[in-house]
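When you read off a place in the sequence shown, starting at 1, and then add 1093, the result is the number in my numbering. Where a beta carbon is used, it is the ideal one built from N, C-alpha and C, also for glycine. Here's the structure we're looking at; comments come further down.
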Amino acid sequence: MKLAPALAMADLDKKTIAEKGIPGLVLMENAARSVIEACRDWLASGPTCWIFCGPGNNGGDGYALGRLLINHGLEVNLISLGAPRTPDAIKNEQLYRQFGKVISFDDLLSILIRPEPHDLIFDALLGTGTNSPLTGQIAEAVGWINRAQGRVLSLDLPSGIDASTGDELGLSIKAERTVTFQMEMPGHHLHPGKAHRGELICSKISIWEEPLASKFFLLDKQEAKALMPRRDPTAYKQQLGHLGVLAGSPGMMGAAILAGRAALYAGAGLVTLLVPKAELNAGLAAAPELMSQAREVLTPEDLARFDALVIGPGLGRNPQDWAQYADYIAGYPGPVLLDADAFSGLKGIHGLKPERMVLTPHPGEFARISGLEAPKSNGKRIGQALAYAGREQVVLLLKGGPSILANPEGELWINGTGNPGMATAGSGDVLSGIIGAFLARKLSPWNAARLGCWLHGKAGDLEAQSGSQESLTASHLINRLAEAFNSLN
């Protein structure tokens, strides 16, 4: 699903008004009505409604909402955080004043009345209207709302969240529900924005979507379903791909086994673990379907029989070992996934084709291969990911909460599945195996990375729903893959 960063969304607003002839006041009215529709369950008890309006168009939506709520017979306390600055917001404030009273924030602080637990608090302070740290009375109002009792609904986006990155601008509203208008934004799906927006409802209000110029996307069920390969009724195991997994070392064989098992569960026809000679039988008990081969005697010709390679999980960082690996990996013509310890030996591997590579680092590993400082904000994380994928011409899956994917064409995808319980040993090895299976099944590196990332997160969500994030393990992810696949049917 395509996402609209802040500037792109503002551009759509302008084009809708200028080229389609739909007045801004109509869009505000549509937005206000959609908020009422989205919280009818909350309005049924007849709560007092507290609406906090900023000076921009988000505040204009709030004034329109206040007027409609009064028309519905509800008591409204509308608090202004500054005089409206846009023509449409000014007009809606004037219309509201014919029905109700506007309270200044200073007056609110001087009175004793406060929201009750069943009251509703509407955040129409900023929406997408800023990317600067909150200051002054706006910041005070955000703190007041967060301390108050009552259920909080944000219009468009919790105030204090950057619409394009999800970063918090010093402090932000913590909403129970957010109603956004026409299109979702990156800030709805990147933390802390994702956590602070609560339940997300997207309402169509007649904004013209067609001209949207954005390379930001949400990796959701619909996208994953479109990527899923069809299994031929006459399929045989060689047709479903042979994956080689160069992984594992003494004390770290679990990583190789997890990657291999995950690849089998993701539909690879054949999986061979390329492991130390002393560990040839390590995978038999865990998965007798796995094959193994001693990597000490591997040749480039041996590797050529694999449809794809996964390199790195638990492989170790011994420079002498990596010198040997580099000799027989050099020039491998097929798709390759690099993970974990591969990033320590990456510079020694020559002859791989960047356009056939998938890299799946966590933030520390990415800092190592990129030479950049680990980013402390989503904005920098996104910028670094796009720059690296473009410069190196590779598919990059940067793991995190949530994971993001970048390609050489400048697209940035945010994974819509996954949870904090997946921050556990071996989770990345499972991801490598899943993506490796799709590479072996002839999906492009970009499609394999996206589908594998979504299924990996979905398996984690299924386990968390029926079990617990606290007890989630990498093996649980593998065991939930069948359900994750079935969820796409």
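C-beta contact flag for residue i and residue j at 8 Å
i: L1264; j: L1219; result: no
i: M1094; j: E1316; result: yes
i: V1240; j: A1268; result: According to the sequence shown, residue 1240 is Arg rather than Val. In this structure, A1268 does not lie closer than 8 Å to R1240 by Cβ.
i: T1510; j: G1550; result: yes
i: G1438; j: Y1418; result: yes
i: G1229; j: L1250; result: no
i: L1118; j: F1145; result: no
i: L1408; j: A1435; result: yes
i: K1370; j: A1355; result: no
i: L1351; j: D1522; result: yes
i: D1212; j: G1243; result: yes
i: G1526; j: A1359; result: yes
i: G1545; j: L1524; result: yes
i: I1214; j: V1245; result: yes
i: E1556; j: L1574; result: no
i: P1447; j: Q1477; result: no
i: F1310; j: E1504; result: yes
i: I1294; j: A1099; result: no
i: A1234; j: F1198; result: yes
i: C1238; j: I1266; result: Per the sequence shown, the amino acid found at residue 1238 is Ile instead of Cys. Yes, Cβ-Cβ distance for I1238 and I1266 is below 8 Å.
Close beta carbons around residue i, own chain, < 7 Å, minus the five adjacent residues each side
i: Q1275; result: K1297, I1298, I1300, E1302
i: D1154; result: M1121, A1124, A1125, A1217, L1248
i: R1461; result: F1436
i: K1318; result: L1581
i: A1567; result: L1351, T1517, A1518, G1519, S1520, D1522, V1523
i: L1565; result: G1514, M1515, T1517, G1553, E1556, A1557
i: T1392; result: Y1421
i: I1115; result: T1109, S1299
i: G1139; result: L1167
8 Å Cβ shell around residue i - same chain, five flanking residues per side excluded
i: A1101; result: L1305, A1306, S1307
i: L1188; result: Y1156, A1157, R1160
i: P1193; result: Looking at the sequence itself, residue 1193 is Gly, so the reference to Pro does not match. Excluding positions up to five away in sequence, the list reads G1159, R1160, I1163, V1169, L1171.
i: M1410; result: Residue identity differs from the one stated: residue 1410 is Arg in this sequence, not Met. Within the same chain, R1410 has close Cβ partners D1434, S1437, G1438.
i: N1508; result: L1312, P1495, S1496, I1497, L1498, C1546, W1547, G1550
i: K1108; result: W1301, P1304
Beta-carbon proximity list for residue i, same chain, < 6 Å, skipping 5 on both sides
i: L1456; result: Here residue 1456 turns out to be Pro, not Leu, going by the sequence shown. Excluding residues within five positions, the ones whose Cβ falls inside 6 Å are A1467.
i: V1488; result: V1451, N1500, P1538, W1539, A1542
i: R1474; result: P1468
i: G1444; result: A1423, G1424
i: N1471; result: T1258, G1259, D1260, L1283
i: G1286; result: I1254, G1259, G1280
When the options are compared against residue i, the one with the closest alpha-carbon
i: G1519; options: G1483, A1433, Q1486; result: A1433
i: S1561; options: K1330, R1133, P1513, I1214; result: P1513
i: E1168; options: L1524, W1143, G1438, L1408; result: W1143
i: I1254; options: W1237, L1213, A1232; result: A1232
i: A1182; options: R1449, G1152, S1559, N1572; result: G1152
i: L1396; options: L1544, G1424, A1416, E1382; result: G1424
i: S1463; options: A1482, K1469, A1533, L1445; result: A1482
i: P1454; options: L1431, L1465, N1471, G1472; result: L1431
i: L1529; options: A1176, I1475, P1406, V1195; result: Looking at the sequence shown, residue 1529 is not Leu but Gly. If we check each option's Cα against that of G1529, P1406 comes out closest.
i: H1284; options: E1261, I1266, C1295, A1575; result: E1261
i: L1136; options: A1176, G1166, K1184, P1208; result: G1166
i: T1141; options: Q1558, A1111, P1208; result: P1208
i: Y1271; options: I1129, R1190, L1465; result: The amino acid occupying residue 1271 in the given sequence is Thr; Tyr does not appear at that position. Comparing Cα-Cα distances from T1271 to each of I1129, R1190, L1465, the minimum goes to I1129.
i: A1577; options: L1366, K1314, P1393; result: K1314
i: P1332; options: G1427, G1286, K1535; result: The sequence shown places Gln at residue 1332, not Pro. Nearest C-alpha to Q1332: K1535.
i: R1398; options: D1106, P1426, S1127, E1112; result: P1426
i: L1357; options: A1111, N1572, A1328, D1134; result: N1572
i: G1222; options: P1210, D1106, K1330, P1381; result: D1106
Proximity test, residue i beta-carbon vs the ligand ADP heavy atom, cut-off 7 Å
i: D1313; result: This structure does not include the ligand ADP; it has no bound ligands of any sort.
Beta-carbon separation (whole angstroms), residue i vs residue j, contact threshold 8 Å
i: M1278; j: A1103; result: About 11 Å; that fails the 8 Å criterion.
i: V1338; j: V1364; result: 6 Å
i: G1321; j: L1581; result: Gly is not the amino acid found at residue 1321; the sequence shown has Met there. The Cβ separation is near 6 Å, so the contact holds.
i: F1459; j: L1491; result: 6 Å
i: T1179; j: G1147; result: With a Cβ gap of about 11 Å, T1179 and G1147 do not count as contacting.
i: M1346; j: A1375; result: 4 Å
i: G1334; j: G1353; result: The Cβ separation is near 13 Å, so there is no contact.
i: A1533; j: D1414; result: In fact, because the Cβ distance is near 24 Å, the residues do not count as touching under 8 Å.
i: V1429; j: I1404; result: 6 Å
i: L1366; j: A1340; result: 7 Å
Kindly provide the ranges of any beta strand (DSSP E) runs that are 3 or more residues long and lie completely inside the segment 1306-1340, ordered along the chain.
1309-1312, 1335-1339
At what residue ranges does the segment 1410-1434 contain a whole run of the alpha helix (DSSP H), taking only runs of 4 or more?
1412-1422
Going residue by residue through the segment 1211-1275, where are the continuous alpha helix (DSSP H) segments of at least 4 residues, counting only ones entirely within it?
1229-1240
Can you check the segment 1341-1420 for any alpha helix (DSSP H) of at least 4 residues that lies completely inside it and give the ranges in chain order?
1346-1358, 1393-1396
Continuous alpha helix (DSSP H) assignments of at least 4 residues falling wholly in the segment 1548-1582
1567-1572, 1574-1579
May I have a chain-ordered list of the alpha helix (DSSP H) segments no shorter than 4 residues that lie completely inside the segment 1135-1175?
1150-1164
What ranges does the beta strand (DSSP E) occupy inside the segment 1490-1525, keeping only unbroken runs of at least 3 residues that lie completely in it?
1497-1499, 1505-1508
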